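Asks: Below is a structure I'd like to ask you about.
Protein chains: 2
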Amino acid sequence: MEPVTSTADKLSAPAASLDPLFQLLGDDLIRVNRLIVERMHSPVALIPQLAGHIVSAGGKRLRPMLTLAAARLCGYRGDRHIALAAAVEFIHTATLLHDDVVDESALRRGRDTANEVWGNKPAILVGDFLFSRAFQLMVEDGSLRVLDILSTASAVIAEGEVQQLVTANDTSTTEAAYLEVIEAKTAALFAAAARIGAVISDRPDAEEDALARFGRNLGIAFQLIDDMLDFSARQSELGKSVGDDFRDGKITLPILIAFARGTPEEQTFWRRTLEDGDQTPDDLDHAIDLIERHGALDETMARAEAYATKATDALQLFPDTPLRRALVETAAFATTRGF
Amino acid sequence: MEPVTSTADKLSAPAASLDPLFQLLGDDLIRVNRLIVERMHSPVALIPQLAGHIVSAGGKRLRPMLTLAAARLCGYRGDRHIALAAAVEFIHTATLLHDDVVDESALRRGRDTANEVWGNKPAILVGDFLFSRAFQLMVEDGSLRVLDILSTASAVIAEGEVQQLVTANDTSTTEAAYLEVIEAKTAALFAAAARIGAVISDRPDAEEDALARFGRNLGIAFQLIDDMLDFSARQSELGKSVGDDFRDGKITLPILIAFARGTPEEQTFWRRTLEDGDQTPDDLDHAIDLIERHGALDETMARAEAYATKATDALQLFPDTPLRRALVETAAFATTRGF
């Protein structure tokens, strides 16, 4: 078996992208998208309207892609991965709808959020609907193992989101606590999405665990970069807002690093802006300046790369195929993406 | 088999109560309550705090009681009804948490709502957590039929809640549309809760359907009385707020009846207060006056009694036992309760 190409090689390679993964799984993904549209139908017209708004908003479909890819990597040849990938995307969409209400977000992927267009009430309830639909899809599939994995992931996601609320505005949050939050709110679903691909392929535990490890580490890398991009000029160049986490008082790794490395005066600044929520219009620029000065973005990137490498390493178990290479590139993409 | 006592007999009988049901199922209910407390645990302390606030707020536990009662009525002798009753209560609690956010309610059962104490954000997310926990309990139980019944009921509840938002402030809502909303948002879970008791007892379809019919009709009767009590002096005597639905512009049966029977001037009043949301402090008293003048509370009560009778009739299939009599009394309680 060939050694897996490390993400470090990406520096000399063309920019990593999701394209190879999409090319290999494009036909499956079309079927997933078709099923999503079919199953978000309801006689209550507002439900497909609102759900369609977010489902078609140009998400990367990364989580359902993990289910599809894991199944294919395990040599799966049936149809079950399609419905389960749709279930994964429904769970993800439900959490996005609720997150946007909780964060009072007005924009997602450059478009108005559902709560901005229709208000909080239908956004909450359509989230509940999609969550129920996800379970209906799993029940139709009929695997109690899959139901176990995804119901547990859903509970863990909610725990992570609540823990994030609890640690918000608290500059004494530890890095360990921060990592627990992102493992729960983001990486748990990545791990579960990949794991169920192995489950339906009926592969040995070692392969199942390897795919879950790939998903979990990829998810952590993704979230670290997400938290980094919130303070990055790259994000604003792409027409996306910068500083949302700062304004919300969310304690992310760039802030934790800048805080830990900061002078007493700087720590006073962080406490005023994040704990007391006392922010002036210039404070975001100052925050970004401090974060850059202390190398907090580079450090966050380095951590993300370490997790991406762990993700890549987890694939060692599988033969070197175009699909494995596409997943390795997905891990590289996770740390080089600007969106 | 004895004929089932009709709810009409309650007029000459002592006030109907839930006591007989609680007495017969008390030991089971204690186990359900214990399991609820155990399974709402999370390392994230805010979750059991917030969940405990609503779970211990003195709800009637009517839905889990239906699961327990249906199982016992079917002669079930195992333990599965305990966990499934807890799952039903978790689903119900999750919808209450989200409903209170959606309705911006500050009081439930005479106590501050969770959203009032902790804010909307954790109330939404703890709702998601409890919903996931419900599915974890069902997965542990291992019946795909039960998972099917309750995931479908959950989707239908969300549809009903969205449909209620859509029809709010619309005085041209038909009675049929109103009935669809309450069947979905309330009666579907009553029906599912009762049905799963028969499912785990492995009884013939006829018994399963009869119990679902009992639950559904009981649920409709309950919701009709709920909507009636919102305009009733009885509610205010019990220290509960009156007129919440009117203030929210919810179109319930008492309003639909008063509107249909009203003069053109009265219909103008309803349109101003409900459609335009233009309400003065005296408007609620006038609304109650119109509702009483047109006999809309009596009419709503009569409809509720008809559904309670249908619920009772559905029990004909089962032998006349203390438990069946307790369920008949539960149906009578549904229409005579003041809370």
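Order-wise, the sequence lines are chains A and B.
Going by my numbering, the first sequence opens with residue 226, and the numbers climb by one from there.
Going by my numbering, the second sequence opens with residue 226, and the numbers climb by one from there.
Quick reminder that beta carbons are idealized off the backbone N, C-alpha and C, glycines included.
As the structure is a computational prediction, the values presented were derived from the model and not from experiment.
1) Taking residue 426 (chain A) as the reference, which of A:298, A:341, A:269 and A:405 has the closest Cα?
2) Confirm, please, whether the CB-CB distance from residue 287 (chain A) to residue 555 (chain A) is below 9 Å.
3) Which of helix, strand or coil does DSSP assign to residue 430 (chain A)?
4) Give the residues of chain B in contact with residue 266 (chain A), contact being defined as C-beta atoms less than 7 Å apart.
5) May I have the straight-line CA-CA distance separating residue 473 (chain A) from residue 339 (chain A), to the nearest angstrom?
6) Using the Cα positions of residue 518 (chain B) and residue 457 (chain B), report the straight-line distance between them to the nearest angstrom.
7) Count the other CB atoms, across all protein chains shown, that sit within 10 Å of the CB of residue 367 (chain B); report buried if there are 16 or more and exposed otherwise.
8) Buried or exposed for residue 530 (chain B), going by 16 or more other Cβ atoms inside 10 Å?
9) What residues of chain C sit near residue 386 (chain A), judged by a beta carbon separation below 8 Å?
10) With 9 Å set as the bound, which would you pick, yes or no: does the beta-carbon of residue 232 (chain B) sit closer than that to a beta-carbon of chain A?
11) Any C-beta of chain B within less than 7 Å: which residues of the region 371-384 of chain A qualify?
12) DSSP three-state label for residue 369 (chain B), please.
13) Let me check one thing: in DSSP terms, what residues is residue 337 (chain A) bridge-paired to?
14) Give the straight-line distance between the Cα atoms of residue 254 (chain B) and residue 349 (chain B), rounded to the nearest whole angstrom.
15) Which of helix, strand or coil does DSSP assign to residue 346 (chain A)?
16) Exposed or buried, residue 379 (chain A), counting other C-beta atoms within 10 Å across all chains shown (16 or more means buried)?
17) Using only CA atoms, which one of B:424, B:247, B:470 and B:322 lies nearest to residue 344 (chain B)?
18) Examine chain B for any beta-carbon lying closer than 9 Å to the beta-carbon of residue 358 (chain A), and answer yes or no.
19) Where are the beta strand (DSSP E) runs, 3 residues long or more, that stay fully inside the region 469-527 of chain A, in chain order?
20) I want to verify the contact list: residues of chain A whose CB lies under 9 Å from the CB of residue 407 (chain B), in sequence order.
21) In angstroms with no decimal places, state the Cα-to-Cα distance between residue 314 (chain B) and residue 314 (chain A).
22) Answer with yes or no whether the minimum CB distance from residue 479 (chain A) to chain B is below 9 Å.
23) Interface residues of chain A around residue 278 (chain B) at Cβ under 7 Å?
24) Roughly how far, in whole angstroms, is the beta-carbon of residue 449 (chain B) from the beta-carbon of residue 478 (chain B), given that I think they are within contact range, below 8 Å?
25) Give the residues of chain B in contact with residue 346 (chain A), contact being defined as C-beta atoms less than 7 Å apart.
26) Does the beta carbon of residue 269 (chain B) sit closer than 9 Å to a beta carbon anywhere in chain A?
27) Along the chain, where does the alpha helix (DSSP H) containing residue 542 (chain A) start, and where does it finish?
28) Please report whether the beta-carbon of residue 412 (chain A) lies at a distance below 9 Å from any beta-carbon of chain B.
29) Within the 9 Å Cβ cut-off, does residue 448 (chain B) reach chain A?
30) In chain A, which residues lie with their C-beta within 9 Å of the C-beta of residue 444 (chain B)?
31) Measure the beta-carbon distance from residue 385 (chain A) to residue 409 (chain A) and round it to whole angstroms, keeping in mind my assumption that it falls under 8 Å.
32) Taking any Cβ of chain B, which residues in the region 492-510 of chain A have a Cβ under 9 Å from it, in chain order?
33) Taking contact to mean 3 or more Cβ pairs, one atom from each stretch, closer than 8 Å, check whether the region 385-398 of chain A and the region 392-412 of chain B are in contact.
34) Measure how close the beta-carbons of residue 401 (chain A) and residue 476 (chain A) come, nearest whole angstrom, since I'm counting them as under 8 Å.
35) Could you name each continuous alpha helix (DSSP H) segment of 4 residues or more that falls completely within the region 227-296 of chain A, going from the start of the chain to the end?
Replies: Quick answer:
1) A:298
2) yes
3) helix
4) Result: empty, since nearest Cβ-Cβ is about 11 Å, beyond 7 Å.
5) 19 Å
6) 13 Å
7) exposed
8) buried
9) Among the protein chains of the structure shown, namely A and B, there is no chain C.
10) Note that residue 232 (chain B) scores 46 on pLDDT, short of 50, meaning its location in the model is unreliable; the coordinates nonetheless yield the value given after this. Taking Cβ atoms only, chain A never reaches closer than 9 Å to residue 232 (chain B), which makes this a no.
11) 372, 373, 376, 377, 379, 380, 383 and 384
12) helix
13) A:332
14) 27 Å
15) helix
16) buried
17) B:322
18) yes
19) none
20) Under the 9 Å cutoff, chain A gives no residues; its nearest Cβ is about 14 Å from residue 407 (chain B).
21) 27 Å
22) no
23) Within chain A, no residue comes near residue 278 (chain B); the closest Cβ sits about 14 Å away, beyond 7 Å.
24) 6 Å
25) 327 and 390
26) yes
27) Note, residue 542 (chain A): premise wrong, no alpha helix (DSSP H); not H, not E.
28) no
29) no
30) Within 9 Å Cβ-Cβ: nothing; residue 444 (chain B) doesn't reach chain A, min ~18 Å.
31) 3 Å
32) none
33) no
34) Not quite, the Cβ-Cβ distance comes to about 12 Å (not below 8 Å), so this is no contact.
35) 244-264 and 271-280
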